[in-house]
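Residue numbers (my numbering), protein chains in the order written: chain W, 15 to 93; chain S, 10 to 315.
Ideal Cβ positions, reconstructed from N, Cα and C, are used throughout, including at glycine.
In this text the structure is predicted, and so the values were computed from the model without any measurement.
Here's what the structure looks like:
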């Protein structure tokens, strides 16, 4: 079954744009959560990741901070 | 042995790669990220051919252009040392050792750090170097911006839209950023500027809760939930220990992008080129690649039939 993927991002952060592009390239469907408009989602992100930098990926409960391609692939089972 | 190693994949490194690949040089690009500072630029309105493009979009176009040639690329890799041993240029990274006949250093610049207690500990835990990226997470909070130049004022203008209060902590007598921005900020009562003030420590628990401020012989605590450090840039030139640099630690180059060691070239913001602009970095990258090619030809390293 496909894993549920969420990405917490802001529209202006270059790593967020690249992370989303990376997911698209790998044909991964994901939910994009814009924390610049959804403040409670921002708080949720901080709580989950223990830090305040974007992007944060939630891949079926595994939290990855930043565009760590290797870890993302691993979490997605693409390796 | 490789013809060329290019260190960095910002505008200079990417353009050098395109030029070198078109000369059929056998090359390897080693870089931490793609795009460098250009990826962090907001709106770009002075790159010829684009009346308006965002930093990430321009970088995407650069990257596509580079990848078209299929040159070997190692991302997320940090160069730790570069030296010339006899006729070989040896590049050491956190992941391996590579050798080539020539090298182009295009490793750019990074945000300067404050070097105070708590800075490392609270990075991404209330400390940010990119107001554009992380700003929205500080909505409703009191924040401090360290710095007094254009990037600091730009961060202040972005944050004032969402933060409860914005402190600007500037270590000189007055702000140095553009008057237009200063005016806008002075009209907002939520902006408080501390001149001649120095941050001595960043404090917190899980996240930043405040900072210690030293001004005119007295120290005080300032409670903030976010700190944005905007105090300029430093060149990524530490690994090039054997090369001559200027006072700013930029690698010295002549007008052919040649460094103090023959066969090692530098281009873009890491070099002492007079202006730091995306288009200039790109042009310098092209010059460096063409020069590296000539260097190889002159030393009969390359057969001319390619």
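Using a Cβ cut-off of 7 Å, pull out every chain W residue sitting near residue i, in sequence order please.
i                      : result
residue 263 of chain S : Per Cβ cutoff of 7 Å: no residues; residue 263 of chain S is ~33 Å from chain W at best.
residue 209 of chain S : Per Cβ cutoff of 7 Å: no residues; residue 209 of chain S is ~23 Å from chain W at best.
Consider the Cβ of residue i: report whether some Cβ of chain S lies at a distance smaller than 8 Å.
i                     : result
residue 31 of chain W : yes
residue 5 of chain W  : Lying outside 15 to 93, the shown extent of chain W, residue 5 of chain W is not represented and no answer is given.
residue 75 of chain W : no
residue 19 of chain W : no
Identify, in the order they occur along the chain, each residue of the same chain with its Cβ nearer than 7 Å to the Cβ of residue i, setting aside the five sequence neighbours on each side.
i                      : result
residue 118 of chain S : 46, 242, 243, 244, 245, 278 and 279
residue 123 of chain S : 155, 208, 238 and 240
residue 299 of chain S : 28
residue 92 of chain W  : 40
residue 252 of chain S : 260, 268, 269, 270 and 273
residue 17 of chain W  : 73, 74 and 90
Using beta carbons (cut-off 8 Å, strictly below), is residue i in contact with chain W?
i                      : result
residue 40 of chain S  : no
residue 148 of chain S : yes
residue 44 of chain S  : yes
residue 48 of chain S  : yes
residue 65 of chain S  : yes
Quick one: residues in its chain with C-beta nearer than 8 Å to the C-beta of residue i, no 5 flanking neighbours on either side, listed in chain order?
i                     : result
residue 59 of chain S : 53 and 67
residue 85 of chain W : 78
Strictly below 7 Å CB to CB, what residues from chain S border residue i?
i                     : result
residue 65 of chain W : 133 and 134
residue 53 of chain W : 148
Can you pull the chain S neighbours of residue i, defined as C-beta to C-beta under 9 Å?
i                     : result
residue 50 of chain W : 144, 145, 146, 148 and 171
residue 68 of chain W : 142, 143, 145 and 146
residue 91 of chain W : Residues of chain S passing the Cβ test: none, with the nearest at roughly 21 Å.
So that I know if they touch, is there some Cβ in chain C lying closer than 8 Å to that of residue i?
i                      : result
residue 218 of chain S : Chain labels in this structure do not include chain C; the protein chains are W and S.
So, at 6 Å on beta carbons, what are the nonlocal neighbours of residue i in its own chain, with the 5 sequence-adjacent residues on each side left out?
i                      : result
residue 91 of chain S  : 100, 248 and 249
residue 21 of chain S  : 115, 276, 277, 290, 293 and 294
residue 56 of chain W  : 49
residue 296 of chain S : 266
Less than 8 Å between the beta carbons of residue i and residue j, yes or no?
i                      : j                      : result
residue 44 of chain S  : residue 19 of chain S  : yes
residue 204 of chain S : residue 230 of chain S : no
residue 29 of chain W  : residue 80 of chain W  : yes
residue 158 of chain S : residue 217 of chain S : no
residue 235 of chain S : residue 160 of chain S : no
residue 86 of chain S  : residue 104 of chain S : yes
residue 57 of chain S  : residue 260 of chain S : no
residue 320 of chain S : residue 127 of chain S : The structure shown does not extend to residue 320 of chain S, since chain S spans only 10 to 315, so no value can be given for it.
residue 98 of chain S  : residue 39 of chain S  : no
residue 140 of chain S : residue 220 of chain S : no
Which chain W residues are close to residue i, counting only those with a beta carbon under 9 Å from its beta carbon?
i                      : result
residue 141 of chain S : 24, 26, 27 and 28
Check whether the stretch 77 to 87 of chain S and the stretch 57 to 71 of chain W are in contact - that is, three or more C-beta pairs closer than 8 Å. no
Any contact of the stretch 62 to 75 of chain W with the stretch 249 to 265 of chain S, i.e. 3+ C-beta pairs under 8 Å? No, they do not touch.
Pairing CB atoms from the stretch 206 to 223 of chain S with CB atoms from the stretch 157 to 175 of chain S, are three or more of them under 8 Å? no
Touching by the beta-carbon criterion (3+ pairs, under 8 Å), the stretch 106 to 113 of chain S and the stretch 300 to 307 of chain S: yes
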